[in-house]
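Visitor:
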Amino acid sequence: MHSGKGCPILGAGGHFMRKTVRTTIFILLFLTLGVSTALLAYLHFGAADSGNLSGEWTAELDMTEQAAVTAFIWLRDIEAVSVTLEETESRMQGLAVQVELSFEQTSRQGGTFRSSVLPESYEACRQAAYEALAEEFRALLAERIRMAGYGDVDGAAAEALTEETFGMSTVSWLMSCGPALMPSLEELQAVYDGSGTYETADGILARQFESGAFVGTKEERYILKDSDLILSGENDASGSGGSEPDSEYRKKALTGKHL
-9 MHSGKGCPIL
1 GAGGHFMRKT
11 VRTTIFILLF
21 LTLGVSTALL
31 AYLHFGAADS
41 GNLSGEWTAE
51 LDMTEQAAVT
61 AFIWLRDIEA
71 VSVTLEETES
81 RMQGLAVQVE
91 LSFEQTSRQG
101 GTFRSSVLPE
111 SYEACRQAAY
121 EALAEEFRAL
131 LAERIRMAGY
141 GDVDGAAAEA
151 LTEETFGMST
161 VSWLMSCGPA
171 LMPSLEELQA
181 VYDGSGTYET
191 ADGILARQFE
201 SGAFVGTKEE
211 RYILKDSDLI
221 LSGENDASGS
231 GGSEPDSEYR
241 KKALTGKHL
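Position 168 (the sequence shown) corresponds to 158 in our numbering; numbering is contiguous.
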């Protein structure tokens, strides 16, 4: 039989164990609360920052492939000369039209926006495209003259022959009578120009166009990383047209320019 003297010792041990368990639980709860608080703070402030699109952004619409393919199809119809798509593409590099997109955030998840194609950028791109086409046209014209037995002709002589025949430079003649290497400025403006309101939620940017040729909603997935804004998966939610040709593009913030 056990004596009663052992009971106080067991009681003291049990009290010590209960105190240790309570202390451990308190520490775990404190750490959990700290982590939860930090996580909530990150979600509140970090998520808000990551969704702040305020500022001015630029996108570059790549026109190189369309211009090169169109030029190649037109050039290959020149009688008795050989041309490849690779040769045409090598002359047409870096053809791009700039689009400006500005946001002014007026609430936590939305605000107003304005988008427009830069006419001066369009004209510069169009000029570069036709200058590249003219360069290849002069080379093929010189080759055609040589094959016809009239001797070697350089680029300057081919240019002079074009001016004498058509009364204008090769570039001007191609712009007037040659293929349409790019969409017209009006066609691009009908797709990209406009203003209205926007909202962001769950990685989706919804823009409600209230002015411009297209009136409706466009939804895109977006990623905001440093000075880059990536929009992809464009979807015309209104079903009334206005879808942008490029489903994914990148816009870089213009340094020092904010709304």
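Every residue gets a Cβ at the ideal spot worked out from N, C-alpha and C, and that includes glycine.
1) For the beta strand (DSSP E) containing Q198, list its first residue and its last residue.
2) Hey, A203 and D183: beta-carbon distance below 9 Å or not?
3) For A132 and L65, what's the separation of their Cα atoms in angstroms?
4) Put Q95 into one of helix, strand or coil per three-state DSSP.
5) Taking Cβ to Cβ, would you say V56 is nearer than 9 Å to V107?
6) Grab me the residues of T27's own chain with a C-beta within less than 7 Å of its C-beta, minus the 5 sequence neighbours each way, in chain order.
7) Express the C-alpha separation of S105 and F199 in angstroms, rounding to a whole number.
8) Below 8 Å, can you find three or more Cβ-Cβ pairs linking the segment 42 to 58 to the segment 163 to 180?
9) Assign S201 to one of two classes, buried (16 or more other C-beta atoms within 10 Å of its C-beta) or exposed (fewer than that).
10) Mind checking which residues open and close the beta strand (DSSP E) that includes T187?
11) Would a C-beta distance cut-off of 9 Å place E46 and S92 closer than the cut-off?
12) Can you tell me where the beta strand (DSSP E) holding L164 begins and where it ends?
13) Along the beta strand (DSSP E) that carries S106, what are the first and last residues, could you check?
14) Distance, Cα to Cα, T155 vs P169?
15) Would L214 and L85 qualify as a contact pair, given that the criterion is a beta-carbon distance under 9 Å?
16) With distance defined between alpha-carbon atoms, name the residue in A150, D192, S217 and Y188 nearest to K208.
17) With distances taken between CB atoms, is the gap from I68 to L151 smaller than 9 Å?
18) How about Y212 and G186: do their beta carbons lie closer than 9 Å?
19) Looking only at its own chain, which residues have a Cβ that is under 6 Å from the Cβ of V11, when we skip the five neighbours before and after it?
20) When the Cα of L75 is compared with those of V59, Q83 and E121, which residue comes out closest?
Guide: Reading off the structure:
1) By one-based count along the sequence shown, residue 198 stands at place 208. I194 to S201 is the span of the beta strand (DSSP E), which, as asked, contains Q198.
2) Your numbering for residue 203 matches position 213 in the sequence shown. Your numbering for residue 183 matches position 193 in the sequence shown. In contact: A203 and D183 (Cβ atoms closer than 9 Å).
3) By one-based count along the sequence shown, residue 132 stands at place 142. By one-based count along the sequence shown, residue 65 stands at place 75. Between A132 and L65, the C-alpha separation is close to 13 Å.
4) Taking the first residue of the sequence shown as 1, we reach residue 95 at position 105. Of the three classes helix, strand and coil, the one that applies to Q95 here is strand, per DSSP.
5) Here residue 56 refers to the residue found at position 66 when the sequence shown is read from its first residue. Here residue 107 refers to the residue found at position 117 when the sequence shown is read from its first residue. Going by the sequence as given, residue 56 is Gln instead of Val. No, the pair does not count as a contact, with Cβ atoms beyond the cut-off.
6) Here residue 27 is taken as the residue at index 37 of the sequence shown, counted from 1. Here the model assigns T27 a pLDDT of 44, short of 50, so the residue's position is not dependable, and the following value carries that caveat. No residues qualify anywhere along the chain.
7) Sequence index remark: in the sequence shown, residue 199 carries index 209 (1-based). Sequence index remark: in the sequence shown, residue 105 carries index 115 (1-based). Their Cα atoms are separated by approximately 10 Å.
8) yes
9) The residue labelled residue 201 in the question sits at position 211 within the sequence shown. So S201 ends up on the exposed side.
10) Here residue 187 corresponds to residue number 197 of the sequence shown, with the count starting at 1. Counting along the chain, the beta strand (DSSP E) containing T187 begins and ends at G184 to A191.
11) Position 56 of the sequence shown, counted from the start, is the residue given in the question as residue 46. Position 102 of the sequence shown, counted from the start, is the residue given in the question as residue 92. It is a contact, given that the beta carbons lie within the stated cut-off.
12) Residue mapping note: residue 164 aligns to position 174 of the sequence shown, counting from 1. Not the beta strand (DSSP E): L164 falls in the alpha helix (DSSP H), residues T160 to C167.
13) Looking up residue 106 in the sequence shown gives position 116. Segment G100 to V107, the beta strand (DSSP E) holding S106.
14) On the sequence shown, position 165 is the one that residue 155 refers to. On the sequence shown, position 179 is the one that residue 169 refers to. Between T155 and P169, the C-alpha separation is close to 19 Å.
15) Walking along the sequence shown from the start, residue 214 turns up at place 224. Walking along the sequence shown from the start, residue 85 turns up at place 95. Cβ distance not < 9 Å, so L214 and L85 don't count as in contact.
16) Numbered from its first residue, the sequence shown carries residue 208 at position 218. Residue Y188 is the option with its Cα nearest to K208.
17) The sequence position of residue 68 within the sequence shown is 78, counting from 1. The sequence position of residue 151 within the sequence shown is 161, counting from 1. It is not a contact, given that the beta carbons lie outside the stated cut-off.
18) Counting from one through the sequence shown, the residue named residue 212 turns up at place 222. Counting from one through the sequence shown, the residue named residue 186 turns up at place 196. Their beta carbons are not under 9 Å apart, which means Y212 does not touch G186 by this criterion.
19) Translated into the one-based positions of the sequence shown, residue 11 becomes position 21. Only weak support is given to the placement of V11: the predicted model assigns it a pLDDT of 45, under 50, and the question is left unresolved by the model.
20) Looking up residue 75 in the sequence shown gives position 85. Per the Cα distances, V59.
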